[in-house]
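Notes follow once the structure below has been shown.
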Amino acid sequence: MFEDKTYKNLMAKCMSYAPEDIDTSEGSVMYDVAGPLCMLLAENFADLSLLNEQMKIPTMTGEYLRSKAEEYNVKINSATPWIYKFVYEGADVYVGDRFFADGYYYIINGIDDSDNSLYIECETVGTAVPKLAKGTAVIPVYPIQGLKLSEVGDVFRYPKDADTDEQIRSNLQKALAQPSENANVAQVKKWVEEFEYKDGAKPIKSAIVYACATYDKKTGLLSKDVPNNVLIFLNVDENYNNDDVVNDIQEYIDPDRLGYGEGKGVIGTIYNVYSLVTIDISISAKLYVQSSIFSNVDVDEIKSVILEKLNNYFDSLVDTSSGDYIYIYLDNLKAEIQDIDGIDNCENLLLCGGSKNIKVAIFKRPHISSNSAISINVVTQEVNPDDIEEYTAE
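Our numbering applies: residue 41 is where the sequence shown begins, and numbers increase by one.
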């Protein structure tokens with residue numbers, strides 16, 4: 041808005057107002073007097089330009105964006121650390137004791153009342169901290185007399201990164217786009233996806249909501265045009281137990297499935313909650329791989345990388361698609377596989393035994409269950425940079 045209000049332009053305009061017989065050259069009295077004032081004006085216009093940007097949701101950032109989100113009660117998630125069960129023997133260990141492992145410090149943060157075990161928490165938050173394998177030794181920062189064993193057990197809670205400006209902006213825009221409590225499909229979806237436990241953890245990655253619909257779990261059939269029924273399918277974070285989360289959400293929305301309004305749901309409407317129906321996916325292909333990336337061309341290692349890559353891709357389809365189906369295209373799967381570092385090419389790709397694209401109902405979650413569902417013929421090759429000729433257009 042104020043891009044033209046620079047020091048140079050302000051000085052030129054100021055000098056243009058001087059009488060013709062007044063010297064306005066650089067170093068003149070007129071120039072030296074106007075200089076500091078124009079510099080101050082230029083700084084003020086720069087501040088106004090910044091303030092103008094920070095008043096609009098699409099361009100505001102940082103503390104301005106967070107303040108606006110708080111104004112509309114949009115929750116902002118902070119980064120959280122790894123938390124493990126703590127295994128020890130030989131001496132007493134207390135809350136507040138510090139340990140060191142794999143370049144990071146850890147601290148005993150609490151006691152599990154159910155079995156009187158301890159939790160150990162990383163002092164550095166976020167997903168950048170690598171996961172410690174179960175049984176990894178943690179070394180006391182200060183010696184603990186008699187301590188014979190100190191190591192991490194099972195993961196108690198996985199870390200999360202703090203919400204970025206883009207995530208906060210997206211949540212804020214969604215909050216402003218919908219009426220606060222209208223119980224339509226978008227509102228029910230918002231209720232579910234914002235559900236969190238007391239510790240702030242959110243177990244739901246995404247939710248699919250059908251109005252006027254029911255689902256028969258035995259037959260796997262979804263029926264539409266059923267008045268006063270809302271059907272909710274959950275894509276549960278893999279760090280949580282599916283059945284537990286489904287029960288928790290059912291309790292939160294409509295505990296008795298009777299529409300009495302005892303939960304978050306509206307009186308007179310029956311809500312039924314299920315996890316996404318998992319559909320097993322299998323693939324086969326011929327792969328050209330670099331042995332320098334996949335040590336000794338370990339086929340199981342290659343399969344594990346492909347499994348993780350494609351399952352993340354399938355989840356992204358579920359989380360972002362709209363309509364009644366998600367579509368899995370062979371070309372897209374091939375691109376995902378070839379995007380893996382060390383895989384140069386993918387040929388003869390078959391999906392579920394066929395060479396055709398497939399579609400899956402939106403409430404079903406495509407998933408490769410294990411390495412055995414992946415069949416690959418591996419050809420090793422190493423690319424010599426000297427063998428590649430640079431092309432220069434004439």
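Backbone N, C-alpha and C define an ideal beta-carbon position, used for all residues, glycine too.
**Item:** Distance CB(V169)-CB(Y124) smaller than 8 angstroms
**Value:** no
**Item:** DSSP beta-bridge partners of C252
**Value:** In the DSSP output, where bridge partners are listed per residue, C252 has none listed.
**Asked** Under the three-state reduction of DSSP, which class applies to I333: helix, strand or coil?
**Response** coil
**D371 - DSSP class collapsed to helix/strand/coil** = helix
**Request:** Figure out for me which residue from V313, D87, L350 and G393 has the closest Cα to the Cα of K257.
**Result:** V313
**Message:** Check whether the stretch 387-400 and the stretch 232-246 touch, using three or more Cβ-Cβ pairs below 8 angstroms as the test.
**Reply:** no
**Prompt:** Where does the unbroken beta strand (DSSP E) through F354 begin, and where does it stop?
**Reply:** From DSSP, F354 is part of no beta strand (DSSP E) but of the alpha helix (DSSP H) over V339 to T360.
**Asked** If you run the structure through DSSP and keep just helix, strand and coil, what is C54?
**Response** helix
**Prompt:** Going by DSSP, what residues sit across from V418 in a beta bridge?
**Reply:** L327
**Request:** Give every residue of the same chain whose Cβ lies closer than 8 angstroms to the Cβ of D359, excluding the five residues on either side of it in the sequence, and list them in chain order.
**Result:** K245, S246 and N275
**Message:** In whole angstroms, give me the CA-to-CA distance for N269 and D294.
**Reply:** 11 angstroms
**Prompt:** So what does D320 bridge to, in DSSP terms?
**Reply:** H407
**Message:** Measuring CB atoms only, is the stretch 84-104 touching the stretch 121-140, in the sense that at least three cross pairs come out at less than 8 angstroms?
**Reply:** no
**Request:** Check whether the Cβ atoms of L81 and L105 lie closer than 8 angstroms to each other.
**Result:** no
**Asked** Taking the runs of the alpha helix (DSSP H) that are 4 residues or longer, which of them lie wholly in the stretch 95-180?
**Response** 102-111
**Message:** Mapping the DSSP letters down to three states, classify E206 as helix, strand or coil.
**Reply:** helix
**Message:** Tell me whether the stretch 401-410 and the stretch 304-322 touch, counting them as touching only if at least three CB pairs, one residue from each stretch, are closer than 8 angstroms.
**Reply:** yes
**Asked** Candidates N351, Y144, N211 and I414: which alpha carbon is nearest N117's?
**Response** N211
**Message:** Less than 8 angstroms between the beta carbons of Y328 and D371, yes or no?
**Reply:** no
**Asked** Should the stretch 278-298 be called in touch with the stretch 338-350, which here means at least 3 C-beta pairs below 8 angstroms?
**Response** no
**Prompt:** If you draw a straight line from the C-alpha of Y237 to the C-alpha of Y280, how long is it?
**Reply:** 12 angstroms
**Asked** Do V249 and V225 come within 8 angstroms of each other at the CB atom, strictly closer than that value?
**Response** yes
**Item:** Assumed close pair A119, A202 - CB separation to whole angstroms, cut-off 8 angstroms
**Value:** 4 angstroms
**Request:** Tell me, to the nearest whole angstrom, how far the beta carbon of G136 is from that of I147; I am working on the premise that it is less than 8 angstroms.
**Result:** 7 angstroms
**Item:** S190 vs F139 beta-carbon contact at 8 angstroms
**Value:** yes
**Prompt:** Considering I293, what are the terminal residues of the alpha helix (DSSP H) in which it resides?
**Reply:** N282 to I293
**Prompt:** Does DSSP put K245 in a helix, in a strand, or in coil?
**Reply:** strand
**Prompt:** Is G394 helix, strand or coil when you go by DSSP?
**Reply:** strand
**Asked** Is I289 near K343, with beta carbons less than 8 angstroms apart?
**Response** no
**Asked** A401 bridges to which residues according to DSSP?
**Response** Y365
**Request:** Look at the alpha carbon of L373 and the alpha carbon of E163, and state the distance between them as a whole number of angstroms.
**Result:** 39 angstroms
**Prompt:** Are the stretch 66-79 and the stretch 173-188 touching, with three or more C-beta to C-beta distances below 8 angstroms?
**Reply:** no
**Prompt:** So what does DSSP say about E83, is it helix, strand or coil?
**Reply:** helix
**Prompt:** Skipping 5 residues on each side, what residues in its chain have a beta carbon closer than 6 angstroms to that of G130?
**Reply:** G186, L187 and K188
**Request:** Excluding the 5 residues preceding and the 5 following Y353 in the sequence, name in chain order all residues of the same chain whose CB lies nearer than 7 angstroms to its CB.
**Result:** E376
**Request:** Determine the direct distance from the alpha carbon of A253 to that of P267, and round the result to whole angstroms.
**Result:** 7 angstroms
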